[in-house]
Every structure is written in structure tokens, then in C-alpha cells.
Amino acid sequence: MTAIDGTTFDLPDTKANVEAFDRPPRSGRGEQDVGYPQLRMVGLVECGTHAVFSAAIGALRTGEQALARAVLVSLLPGMLLLADRGFYSGDLWRAAAATGADPLWRVRKDLVLPVVEQLPDGSYLTEIFGRSDIHRTRRGVPVRAVKHTIAGHKGVHRLLTTILDPHMAPAAEVAALYAQRWEFECAFDEIKTHLGASHRLLCSQHPDGAEQELYGFLLVHHAIRHLMHQAAQQGNQDPGRISFTRSLRVVPALRLAA
């Protein structure tokens with residue numbers, strides 16, 4: 003099971019970085035040059051191991067959907083791909099499904115999803131359309147919609163998936179699986195907080211160096227997560243039960259011992 007998500011990283015305040023990556027949008031109170039320049043990253047993570055196995059980096063003004071297309075090529079048939087509503091578009095959905103993976107995405111409240119067939123588990127079959135099919139003159143892409151609520155939150159959330167058979171993935175299980183999308187937030191926290199990528203600015207004053215530095219953080223994180231997965235397999239444990247911060251302290255000792 004995989005998830006796709008995006009985040010931003012602060013950069014040194016240099017003319018080259020501002021021109022290449024841009025600053026955050028102004029707040030509307032008339033401030034000039036608000037905030038440090040930032041780059042945007044979109045990545046794919048294995049939910050079970052927190053390993054980021056594909057990433058795309060671009061300017062802050064580049065949308066997450068545009069960067070997402072660059073990482074979809076890393077998907078394999080049979081993967082379940084989780085994504086929040088900010089990633090949804092009919093065209094991006096088709097691109098993800100074309101890899102053979104099974105998207106499971108939350109969608110916006112204003113997206114029209116007519117009921118084509120009601121299913122016994124409470125979900126229903128519907129259709130989605132790409133940008134070129136805005137007038138719906140052709141058949142849409144068949145998908146399955148699942149409605150669910152979250153304790154402590156108002157309203158009903160809607161999920162879409164390419165898994166049309168409710169016996170293969172009942173609605174309650176689909177909703178429970180979608181909660182695993184938050185594992186990507188944990189991976190971001192490990193990179194930003196524990197590896198230190200947000201406690202100080204990325205050091206490079208030039209765009210190429212900034213990208214290289216961020217890929218360095220991603221590679222270190224992936225290497226540590228790989229070692230954690232190996233240790234979990236040897237100990238017959240769930241990788242999610244192993245502490246990343248403790249592993250981060252152990253890795254330098256292993257290197258010295260070697």
C-alpha cells in the first residue's frame with residue numbers, strides 16, 4: 003500500500019533561489035518579500051515502512067498535481083495508491099490507473115458523482131470524467147464511491163476506488179485502509195524534524211545544490227528505513243513498531259562498529 007503527498011522546504015534567501023523556486027504567497031496585508039523561498043516536493047511512500055521510494059521536486063508555484071505525474075511512473079500493477087482530495091482530477095486519476103495500480107482517493111464535496119448502481123455494502127458505482135469530457139458526451143470511467151464519517155469530524159467524506167467489487171474490498175475496509183494515508187505525514191515528520199531538514203534552512207544558496215541536498219535527506223531517510231525493515235524481518239516484527247529516532251541514534255554506532 004502506497005500514498006502520495008506533497009510538502010515544502012525552506013531555502014536560503016538568495017536571488018537565485020527566489021527566481022528558481024519563488025516565495026510563499028503574500029498574506030494580503032501588504033507585506034513585501036514575505037518568508038523564505040521554498041521548493042515543493044511530491045513523493046510516494048510505502049505506508050508500512052515509511053520508505054519514500056519516488057520523489058519529484060519543483061518550484062513552489064508548480065502544483066502538486068503537476069509534480070505527481072512525474073512519480074506515477076514508479077507505481078506497479080496491484081499497488082493500492084492513497085491520495086487526498088487535493089490530488090484529484092479525472093485526468094490524473096486516469097494516469098494513475100493506467101499504471102495498473104488501484105487508486106483510493108478522497109474527493110471534493112462539490113464533485114458530482116451520480117449513482118449508477120447501488121451496492122449491498124452501502125457503496126455505489128459511478129462515473130468520472132476528464133477535462134476533455136467536461137460536457138459528458140462520452141462514457142465516463144467507471145469507479146466505486148464509498149461514503150464514510152470520521153469520529154470527531156462533521157460531514158461525510160467520499161472516497162473513490164477502481165476496486166469495483168465490494169466483496170474484494172467492502173466499504174468499511176476501504177474506509178479503514180484510507181486512514182493509512184497519514185503514514186506519509188509520519189514520514190515527512192521523520193525527514194523534517196528528526197533528520198533536521200526544517201530545523202535549519204537547506205544550506206545551498208543555488209537551486210541545483212538545494213535539490214541535491216534535499217535528495218540527500220531523502221536517501222539517508224530511505225537507507226535508515228531499509229535497515230529498520232531488515233531488522234523487523236529478522237525479529238519477525240512490524241516495521242511500524244520500531245522507533246525511527248532510536249534507529250537514527252543506532253545507525254552511527256553500527257557504522258563505527260563496522
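Residues in the sequence shown are numbered from 3 upward in steps of one, following the numbering used here. Idealized CB from N, CA, C, for every residue including glycine.
Take R243 as the anchor and find which of R251, A234 and L250 has the nearest alpha-carbon. By one-based count along the sequence shown, residue 243 stands at place 241. R243 has its Cα closest to that of A234, out of R251, A234 and L250.
Alpha carbon to alpha carbon, how far is L82 from T16? Locating residue 82 in the sequence shown gives position 80, counting from the first residue. Locating residue 16 in the sequence shown gives position 14, counting from the first residue. Each residue's alpha carbon lies about 41 Å from the other.
Between A85 and T101, what straight-line distance do the alpha-carbon atoms span, to the nearest angstrom? By 1-based counting over the sequence shown, the position of residue 85 is 83. By 1-based counting over the sequence shown, the position of residue 101 is 99. Taking the straight line from one Cα to the other gives about 15 Å.
Take the Cβ of Q239 as the centre, count every other Cβ of all protein chains shown within 10 Å, and call the residue buried at 16 or more, exposed below. One-based indexing of the sequence shown puts residue 239 at position 237. Exposed, since its Cβ has fewer than 16 Cβ neighbours within 10 Å.
Let me check one thing: in DSSP terms, what residues is D240 bridge-paired to? If you number the sequence shown from 1, residue 240 lands on position 238. D240 is not bridged to any residue.
What residue range does the alpha helix (DSSP H) around F89 cover? Residue 89 sits at position 87 when you count from the first residue of the sequence shown. That residue, F89, is in no alpha helix (DSSP H); it is neither H nor E in DSSP.
Cβ-based neighbour list, V143, same chain, cut-off 6 Å, excluding 5 preceding and 5 following: In the sequence shown, the residue the question calls residue 143 occupies position 141. Around V143: I130.
contact_flag[the stretch 64-84, the stretch 207-219] where n(CB pairs < 8 Å) is 3 or more: no
Cut-off 6 Å between Cβ atoms - residues of its own chain near D1, not counting five sequence neighbours on either side: For residue 1 there is no data in the structure shown, the boundaries of the chain being 3 and 260.
Can you tell me which residues form a DSSP beta bridge with K149? Taking the sequence shown and counting its residues from 1, one reaches residue 149 at position 147. R160.
Sequence-distant residues of its chain with Cβ nearer than 7 Å to G88 (five each side left out): Here residue 88 is taken as the residue at index 86 of the sequence shown, counted from 1. Correct list, in chain order: E66.
State the Cα-Cα distance for the pair H231 and H224, rounded to the nearest angstrom. Position 229 of the sequence shown, counted from the first residue, corresponds to residue 231. Position 222 of the sequence shown, counted from the first residue, corresponds to residue 224. Roughly 10 Å separates the two Cα atoms.
If I59 and E213 are in contact, beta carbons under 8 Å, what's the gap, nearest whole angstrom? Start at 1 with the first residue of the sequence shown, and residue 59 comes out as number 57. Start at 1 with the first residue of the sequence shown, and residue 213 comes out as number 211. Going by Cβ atoms, the distance from I59 to E213 rounds to 5 Å, so yes, they are a contact pair.
Which residue wins for smallest C-alpha separation from F55, given the options R227, A147 and S245? Within the sequence shown, numbered from 1, the residue matching residue 55 stands at position 53. F55 has its Cα closest to that of R227, out of R227, A147 and S245.
Measuring only from the beta carbon, is I193 closer than 7 Å to any heavy atom that is part of the ligand MG? For the structure depicted, the ligand MG is absent and the ligand set is empty, with no information on it obtainable.
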